[in-house]
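K.L.:
Mind having a look at this structure? Questions to follow.
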Amino acid sequence: MEREFTPEQELFRETVRQFCSREISREYVRECDRTATPPREAYQKVAEQGWLGLNVAEEYGGSGGGAMEVAILLEELGRVFLDLAFWVFRTVTWGGLAIGRDGTEDQKQELLPQIVAGAKTICFSLTEPDAGSDAAAIALSAVEDGDEFVLNGQKVFTSGFKASDFDVVATRTSTQGKKHHGITNFIVDTDAPGLEWRPIETLGHWPLGTAMLYFTDVRVPRSRMLGELHGGWPDLGVYLRYERLCLSAARTGAAASALSDAVEYATQRRQFGQPISEFQAVSHRLADMQTQVEISRMLVNRYAWRLDHGEATTRDAAILKLYACEAYKSVADMGLQVLGGYGYTMEYDLQRHFRESRLGVIGAGTSDIQRNIIARTMGL
């Protein structure tokens, strides 16, 4: 990070931390996880604080904050409830950033105040059965028909769909030229006629879940086009680089929580007449976990600072995403090992960290894809 937090940012971090301690109990998180229930009450409380509009311009009801404020918010939310942090991440990315950056004035006036207030929520559909790491291979078609576009095809792994009112959908509007050309983004109502969905059972992230979507002659008004016709790919690049900040910040908070739980257990659990934290094998494991959390946090803050100052690069985003996700997976795994048999039970939260951390190295760009990006920037 090029500089320390401002006093205002330090105060904001402390304010969010106190809010989380006061409003989001461990029991509430466990109940949402156990019952696969979206944390609507907690989400509305975040909205009441005005934080859903953190990166939205003031004229649309937001506070006009930057990437650093977003990173602070998501790290603190991720520390107590990762799925809540992910819900907020989708709001600030596909709402505040995407609509705020590329929406028409009418779209901003109509949608942003509702999103900021928590009255409407938003998600994102990019991946398809045959378009995963090769994201530009999307085939879901959007065919122009007067003042509407007709969408047909499938999306997979649309996370948070069951709790969303709008979905930013990447479509194929042209097959001419290179595959990166002819991609157009639309804001689609999740209850649009012809749009059906089914939940996908997954290892973790049960409260918001993920879904398979089926588009059959779904009609979307031209007025809901986000950005330019056929020119959506560069916009997606901007959104996805911002997404990497948000996900990394939230997972850094979650990793810090896993570390805290492991330290607390290790200092209380006694074997052979002493706390297990006094055994070098355990203390070294905790030290490695601490190191990974701190490096992850430094990378998050550095990337946020560079985003705010127009200096962030594709390599920066890939390094951040790679390290933060691998660190969370490693910290969760080591933390569960510290707890031993108890870590394998549903009584402790390390099992949830273990389950949820596994997605980070797969979703939103695998670790291998991040390494490919980094290698290309090295001229390899």
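Residues 1096 to 1475 in this note's numbering are what the sequence shown lists, from first letter to last.
For every residue, glycine included, the Cβ atom is placed at its ideal position computed from N, Cα and C.
Return the CA-CA distance between GLY1458 and LEU1321, expressed in angstroms with no decimal places.
P.N.:
Residue mapping note: residue 1458 aligns to position 363 of the sequence shown, counting from 1. Residue mapping note: residue 1321 aligns to position 226 of the sequence shown, counting from 1. Going by the C-alpha atoms only, they are around 24 Å apart.
K.L.:
Give me, in chain order, the residues of the same chain whose beta-carbon lies closer than 7 Å to that of MET1096; leave out the 5 immediate sequence neighbours on both sides.
P.N.:
As a first step, residue 1096 is located in the sequence shown; it is residue number 1 there, counting from the start. Only weak support is given to the placement of MET1096: the predicted model assigns it a pLDDT of 45, under 50, and the value that follows is read from those uncertain coordinates. Closer than 7 Å at the Cβ level, and outside the excluded window around MET1096, lie MET1393, ASN1396, ARG1397, TRP1400.
K.L.:
From what residue to what residue does the alpha helix (DSSP H) around GLY1430 run?
P.N.:
As a first step, residue 1430 is located in the sequence shown; it is residue number 335 there, counting from the start. 1409–1434 is the span of the alpha helix (DSSP H), which, as asked, contains GLY1430.
K.L.:
If you draw a straight line from the C-alpha of LEU1324 to the C-alpha of THR1440, how long is it?
P.N.:
Numbered from its first residue, the sequence shown carries residue 1324 at position 229. Numbered from its first residue, the sequence shown carries residue 1440 at position 345. Rounded to whole angstroms, LEU1324 to THR1440 spans 51 Å at the Cα level.
K.L.:
Please find out if some non-hydrogen atom of the ligand ATP comes closer than 6 Å to the beta-carbon of VAL1124.
P.N.:
No copy of the ligand ATP occurs in the structure displayed, which carries no ligand at all.
K.L.:
Can you list, in chain order, the residues of its chain whose CB lies under 8 Å from that of PRO1102, leaving out five sequence neighbours each side?
P.N.:
The sequence position of residue 1102 within the sequence shown is 7, counting from 1. So no residue of the chain qualifies.
K.L.:
Mind checking if ALA1166 is an interface residue toward chain C, Cβ cutoff 7 Å exclusive?
P.N.:
The displayed structure is made up of one protein chain only, and chain C is not part of it.
K.L.:
Which residues mark the beginning and the end of the beta strand (DSSP E) in which ILE1295 is found?
P.N.:
Walking along the sequence shown from the start, residue 1295 turns up at place 200. Run containing ILE1295: 1290–1295, per the beta strand (DSSP E) assignment.
K.L.:
Nearest to GLY1159 by CA position, among ILE1167, LEU1169, GLY1148, is which residue?
P.N.:
For this step, residue 1159 is matched to residue 64 along the sequence shown. Measuring from the Cα of GLY1159, the nearest candidate turns out to be GLY1148.
K.L.:
Find out if the Cβ-Cβ distance for the pair ALA1480, SER1391 is shorter than 7 Å.
P.N.:
No answer is possible for residue 1480: the residues shown for the chain start at 1096 and end at 1475.
K.L.:
Among the residues of its own chain, which have a CB less than 6 Å from the CB of PHE1244, if the five just before and after it don't count?
P.N.:
Indexing the sequence shown from 1 puts residue 1244 at position 149. The answer, listed in chain order, is ALA1237, VAL1315.
K.L.:
How many Å lie between ARG1447 and GLY1213 at the Cα?
P.N.:
Working through the sequence shown from its first residue, we reach residue 1447 at position 352. Working through the sequence shown from its first residue, we reach residue 1213 at position 118. Roughly 27 Å separates the two Cα atoms.
K.L.:
According to DSSP, simplified to helix, strand and coil, what is MET1096?
P.N.:
Taking the sequence shown and counting its residues from 1, the one referred to as residue 1096 is at position 1. Bear in mind that the predicted position of MET1096 carries a pLDDT of just 45, short of 50, making it too unreliable to give a figure here.
K.L.:
What does ALA1265 pair with, by DSSP beta-bridge criteria?
P.N.:
Start at 1 with the first residue of the sequence shown, and residue 1265 comes out as number 170. The partner list for ALA1265 (beta bridge, DSSP) reads ASN1280.
K.L.:
By the 10 Å Cβ neighbour count, where 16 or more other Cβ atoms means buried, how is GLU1223 classified, buried or exposed?
P.N.:
As a working note, residue 1223 is residue 128 in the sequence shown. Buried, because 16 or more other Cβ atoms sit within 10 Å of the Cβ of GLU1223.
K.L.:
Counting along the chain, where does the beta strand (DSSP E) carrying GLU1243 start and finish?
P.N.:
In the sequence shown, residue 1243 corresponds to position 148, counting from 1. GLU1243 -> beta strand (DSSP E) spans 1243–1250.
K.L.:
Please identify the residue among LYS1424, GLN1385, GLY1198, GLU1373 whose C-alpha is closest to the C-alpha of ARG1317.
P.N.:
Position 222 of the sequence shown holds residue 1317. For ARG1317, the nearest C-alpha among the options comes from GLY1198.
K.L.:
Buried or exposed: GLN1387, going by 16 or more other Cβ atoms within 10 Å of its Cβ?
P.N.:
Stepping through the sequence shown from its first residue, residue 1387 is reached at position 292. Classification of GLN1387: buried, given that the 10 Å Cβ count is 16 or more.
K.L.:
Taking all protein chains shown into account, decide if ASP1477 is buried (16 or more other Cβ within 10 angstroms of its Cβ) or exposed.
P.N.:
With the chain covering only 1096 through 1475, there is no way to say anything about residue 1477.
K.L.:
What's the gap between the Cα of GLU1099 and the Cα of LEU1246?
P.N.:
As a working note, residue 1099 is residue 4 in the sequence shown. As a working note, residue 1246 is residue 151 in the sequence shown. Roughly 47 Å separates the two Cα atoms.
K.L.:
Can you list, in chain order, the residues of its chain with a C-beta nearer than 8 Å to that of TRP1132? Leave out the 5 residues immediately preceding and following it.
P.N.:
The residue given as residue 1132 occupies position 37 in the sequence shown. Contrary to the premise, residue 1132 reads as Thr rather than Trp in this sequence. So the list reads GLU1126, PRO1302, once near-sequence residues are dropped.
K.L.:
Below 7 Å between beta carbons: does that hold for VAL1111 and LEU1168?
P.N.:
Residue mapping note: residue 1111 aligns to position 16 of the sequence shown, counting from 1. Residue mapping note: residue 1168 aligns to position 73 of the sequence shown, counting from 1. Cβ distance < 7 Å, so VAL1111 and LEU1168 count as in contact.
K.L.:
So VAL1151 packs on LEU1207, CB below 8 Å; how close in whole Å?
P.N.:
Position 56 of the sequence shown, counting from 1, holds the residue named residue 1151. Position 112 of the sequence shown, counting from 1, holds the residue named residue 1207. Confirmed, about 6 Å.
K.L.:
Could you tell me which residues DSSP pairs with SER1236 in its beta bridges?
P.N.:
If you number the sequence shown from 1, residue 1236 lands on position 141. Partner(s): ASN1247, ARG1267.
K.L.:
Taking DSSP's pairing of strands, which residues face ARG1117 in a bridge?
P.N.:
Position 22 of the sequence shown, counted from the first residue, corresponds to residue 1117. In DSSP, ARG1117 forms no bridge with anything.
K.L.:
Give me, in chain order, the residues of the same chain whose beta-carbon lies closer than 6 Å to that of SER1352; leave out the 5 immediate sequence neighbours on both sides.
P.N.:
The sequence position of residue 1352 within the sequence shown is 257, counting from 1. ARG1174, listed in sequence order.
K.L.:
Which value, in whole angstroms, describes the spacing of the CA atoms of LEU1434 and ARG1293?
P.N.:
Position 339 of the sequence shown holds residue 1434. Position 198 of the sequence shown holds residue 1293. Those two C-alpha atoms are separated by around 36 Å.
K.L.:
Using the C-alpha atoms, what's the distance from MET1473 back to PRO1134?
P.N.:
As a working note, residue 1134 is residue 39 in the sequence shown. As a working note, residue 1473 is residue 378 in the sequence shown. Near 42 Å, if we compare the C-alpha coordinates of MET1473 and PRO1134.
K.L.:
Beta strand (DSSP E) containing PRO1329: first to last residue?
P.N.:
As a first step, residue 1329 must be located in the sequence shown, where it is residue number 234. Element bounds for PRO1329: not the beta strand (DSSP E) but the alpha helix (DSSP H), 1327–1363.
K.L.:
On the CB-based measure, 16 or more other CB atoms within 10 Å of its CB, does VAL1141 come out buried or exposed?
P.N.:
Along the sequence shown, read from residue 1 onward, the residue named residue 1141 stands at position 46. VAL1141 should be labelled buried.
K.L.:
Quick one: what's got a C-beta closer than 8 Å to ARG1328's C-beta in the same chain, skipping five residues either side?
P.N.:
Residue numbering aside, residue 1328 sits at position 233 when the sequence shown is read from its first letter. Arg is not the amino acid found at residue 1328; the sequence shown has Trp there. The residues are ALA1231, HIS1275, HIS1276, ILE1278.
K.L.:
Rounded C-beta distance between ILE1282 and GLN1202? I'm assuming under 8 Å.
P.N.:
Locating residue 1282 in the sequence shown gives position 187, where the first residue counts as 1. Locating residue 1202 in the sequence shown gives position 107, where the first residue counts as 1. Their Cβ separation, rounded to whole angstroms, is 7 Å, which keeps ILE1282 and GLN1202 in contact under 8 Å.
K.L.:
With a Cβ-Cβ cutoff of 7 Å, do THR1305 and SER1254 count as a contact?
P.N.:
Taking the first residue of the sequence shown as 1, we reach residue 1305 at position 210. Taking the first residue of the sequence shown as 1, we reach residue 1254 at position 159. Closer than 7 Å, so yes.
K.L.:
Between which two residues does the alpha helix (DSSP H) holding TYR1398 run?
P.N.:
Along the sequence shown, one-based indexing puts residue 1398 at 303. Note, TYR1398: alpha helix (DSSP H), 1375–1403.
K.L.:
What number of angstroms, rounded off, separates the C-alpha of TRP1189 from the C-alpha of LEU1235?
P.N.:
The residue labelled residue 1189 in the question sits at position 94 within the sequence shown. The residue labelled residue 1235 in the question sits at position 140 within the sequence shown. Computed Cα separation, rounded: 19 Å.
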